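K.L.:
Protein chains in written order, with the working numbering: chain A, 33 to 191; chain B, 3 to 122.
Even for Gly, the Cβ is constructed at its ideal location relative to N, Cα and C.
Note that this is a predicted model, so its numbers are computed, not measured.
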């Protein structure tokens, strides 16, 4: 018996709205503008893996400029004061928050990993397929949140 | 009061500290731990009056920390701040003796609601 559902872009949007309201845009003046997708020239990609009853990954990817702004917002400091360690920590925490929230939609016996952050390139996950993505721009910089499911377990067509 | 804040993210520990302040809980002595083992050991060495603990951490998870403390007879007030929010985890936390379960992302209002009985 299973009451889980396959997460959708709309689910990611709802989680993103909470994250923006709490940490990235508490004053409601710098929202994530959903809908416009473009490749980041220099990307930072953070992910958490989900294993067990459901296998896949939650990935947050944005430009290095956006990642620096995110860290500045989390830490309530200026972007030029953000260290690389801060940036990595914040991106990992973003993936962790999104992953933790989508986990509640998945089968109970699913575990979440610690975050993994790659700077300078996008993460790649062989033998998975993307099942949903929320993409857009934040502060005129590309920003994406996506979910990837193990291909052999995927029950839905690729997005 | 002495409050132990355990989270493997240094940034999140800072946000918890800032949110405590924004929720009106100021003037407390704060101690930090960067993984579950450190949190467990800090409860013994620092003797906090409250533990605010992440769930998913290296070395020991938050629920393992709480279980080990209770098994050793330590009944320090203990609650979770975590991004994971399944009913099973909330039930496990409650069964293990957690006082609160705050889900990330959180607001100062949520902190106030969850911690006012402990911190006054």
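(1) Given a cut-off of 8 Å, decide if residue 116(B) and residue 104(B) are closer than it, judged by their beta-carbon atoms.
(2) Using the Cα positions of residue 6(B) and residue 79(A), report the straight-line distance between them to the nearest angstrom.
(3) Identify every run of the beta strand (DSSP E) within the segment 6 to 74 of chain B, keeping only runs that are complete inside it and at least 3 residues long; order them along the chain.
(4) Would residue 16(B) pass as an interface residue toward chain A - the criterion being a Cβ-Cβ separation below 8 Å?
(5) Determine the direct distance from the alpha carbon of residue 91(A) to that of residue 188(A), and round the result to whole angstroms.
(6) Check whether the Cβ atoms of residue 138(A) and residue 102(A) sit closer than 8 Å, and answer yes or no.
(7) Give me the residue from 136(A), 109(A), 97(A) with the minimum Cα distance to residue 171(A).
(8) Spell out whether any CB of chain B is found under 8 Å from the CB atom of residue 125(A).
(9) Using the beta-carbon count (16 or more within 10 Å), is residue 121(A) buried or exposed?
(10) Measuring only the C-alpha atoms, how far is residue 34(B) from residue 40(B)?
(11) Quick one: using the 10 Å Cβ neighbour count with 16 as the cut-off for buried, is residue 38(B) buried or exposed?
(12) Return helix, strand or coil for residue 169(A), following the three-state DSSP convention.
(13) Can you tell me whether DSSP reads residue 52(A) as helix, strand or coil?
(14) Residues in the segment 95 to 109 of chain B with C-beta within 7 Å of chain A's C-beta atoms, listed in sequence order?
(15) Starting from residue 1(B) and walking both ways along the beta strand (DSSP E), at which residues does that stretch end?
(16) For residue 166(A), is the beta carbon positioned less than 7 Å from some heavy atom of the ligand GDP?
(17) Could you tell me the alpha carbon to alpha carbon distance between residue 158(A) and residue 48(B), rounded to whole angstroms?
(18) May I ask you to list, following chain order, the residues of the segment 37 to 68 of chain A that have a beta carbon less than 8 Å from some beta carbon of chain B?
(19) Starting from the C-beta of residue 106(B), find all residues in its chain whose C-beta is less than 6 Å away, skip the five residues before and the five after it, and write them out in chain order.
(20) Please list the residues of the segment 99 to 133 of chain A that have a C-beta atom closer than 9 Å to any C-beta atom in chain B, keeping them in chain order.
(21) Kindly list the residues whose CB is nearer than 6 Å to the CB of residue 2(B), restricted to its own chain and excluding five residues on each side of it in sequence; keep chain order.
(22) DSSP three-state label for residue 179(A), please.
(23) Taking the C-alpha atoms as reference points, what is the distance between residue 14(B) and residue 61(A)?
P.N.:
By the coordinates alone:
(1) For this step, residue 104(B) is matched to residue 102 along the second chain. For this step, residue 116(B) is matched to residue 114 along the second chain. In this structure, residue 116(B) lies closer than 8 Å to residue 104(B) by Cβ.
(2) Working through the second chain from its first residue, we reach residue 6(B) at position 4. Working through the first chain from its first residue, we reach residue 79(A) at position 47. If you take the alpha carbons of residue 6(B) and residue 79(A), they lie about 28 Å apart.
(3) 31 to 35, 52 to 55
(4) Taking the second chain and counting its residues from 1, one reaches residue 16(B) at position 14. Residue 16(B) counts as touching chain A.
(5) Here residue 188(A) refers to the residue found at position 156 when the first chain is read from its first residue. Here residue 91(A) refers to the residue found at position 59 when the first chain is read from its first residue. Because the pLDDT of residue 188(A) is 49, which lies under 50, any placement of that residue in the model is unreliable, and the number read from its coordinates should be weighed accordingly. Residue 188(A) and residue 91(A): Cα-Cα distance of roughly 19 Å.
(6) The residue labelled residue 138(A) in the question sits at position 106 within the first chain. The residue labelled residue 102(A) in the question sits at position 70 within the first chain. Going by C-beta atoms, residue 138(A) is not nearer than 8 Å to residue 102(A).
(7) Numbered from its first residue, the first chain carries residue 171(A) at position 139. Per the Cα distances, 97(A).
(8) Looking up residue 125(A) in the first chain gives position 93. For residue 125(A), the answer is yes, since a Cβ of chain B falls inside 8 Å of its Cβ.
(9) Position 89 of the first chain holds residue 121(A). Answer is buried; the Cβ neighbour count reaches 16.
(10) Start at 1 with the first residue of the second chain, and residue 34(B) comes out as number 32. Start at 1 with the first residue of the second chain, and residue 40(B) comes out as number 38. Roughly 9 Å between the two C-alpha positions.
(11) The residue you call residue 38(B) lines up with position 36 of the second chain. Residue 38(B) comes out buried.
(12) For the purposes of this step, residue 169(A) is taken as the residue at position 137 of the first chain. Of the three classes helix, strand and coil, the one that applies to residue 169(A) here is strand, per DSSP.
(13) If you number the first chain from 1, residue 52(A) lands on position 20. Residue 52(A): helix per DSSP, three-state reduction.
(14) 106, 107, 108, 109
(15) In the structure displayed, chain B extends from 3 to 122; residue 1(B) sits before or after that span and is not available.
(16) With respect to the ligand GDP, the structure shown offers nothing to examine, as it has no ligands at all.
(17) Here residue 158(A) refers to the residue found at position 126 of the first chain. Here residue 48(B) refers to the residue found at position 46 of the second chain. Approximately 46 Å, taken between the alpha carbons.
(18) 50, 51, 53, 54, 55
(19) If you number the second chain from 1, residue 106(B) lands on position 104. Here the set comprises 85.
(20) 103, 106, 107, 108, 117, 118, 121, 122, 124, 125, 128, 129, 130, 131, 132, 133
(21) Here chain B covers residues 3 to 122 and nothing more, so residue 2(B) does not appear.
(22) For the purposes of this step, residue 179(A) is taken as residue 147 along the first chain, with counting starting at 1. It is a strand residue.
(23) By one-based count along the second chain, residue 14(B) stands at place 12. By one-based count along the first chain, residue 61(A) stands at place 29. Straight-line Cα distance between these residues: approximately 23 Å.
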